[in-house]
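Quick note: the sequence shown, position 60, residue 1040 per my numbering, numbers continuous.
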Amino acid sequence: MANQRQFPRTPMKCRIKISHPSFGELIAQTRDLSDGGVYVRHPELAALEPGSQVTGQVQDLPIEAPILQMEVMRVDAEGAGLRFLGADESH
């Protein structure tokens, strides 16, 4: 099966705060990152439905990171693949 990814992934581990009404806030860890999105490891993320929207903010940077809107694209037992949303896509 051909790789249909639009953006190449880069392995990257950092702490990220994810927020969603179903669980409030949690601190998780990224696994990899691309220009289009991020995979986040946390078992509670596996309960989200694809299409759900969450907010995310990278932690532990020297300055406060922006809060990004993201959409759940896929989930598995370890966590979720999230796509970055543009300002015109979030609702």
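Note that CB positions come from ideal geometry on N, CA and C, so glycine has one too.
| Asked | Found |
| --- | --- |
| Assuming residue 1035 and residue 1002 form a contact by the criterion Cβ under 8 Å, report the distance between their Cβ atoms to the nearest whole angstrom. | About 13 Å separates the two Cβ atoms, so there is no contact after all. |
| Could you name the residues of the same chain whose beta carbon sits closer than 7 Å to that of residue 995, not counting the 5 residues immediately before and after it, in chain order? | 1007, 1009, 1039 and 1040 |
| Within the region 1000–1060, note down every full beta strand (DSSP E) run reaching 3 residues or more, in order along the chain. | 1004–1013, 1017–1021, 1033–1038 and 1048–1055 |
| Would you call the CB atoms of residue 1059 and residue 1022 closer than 7 Å? | yes |
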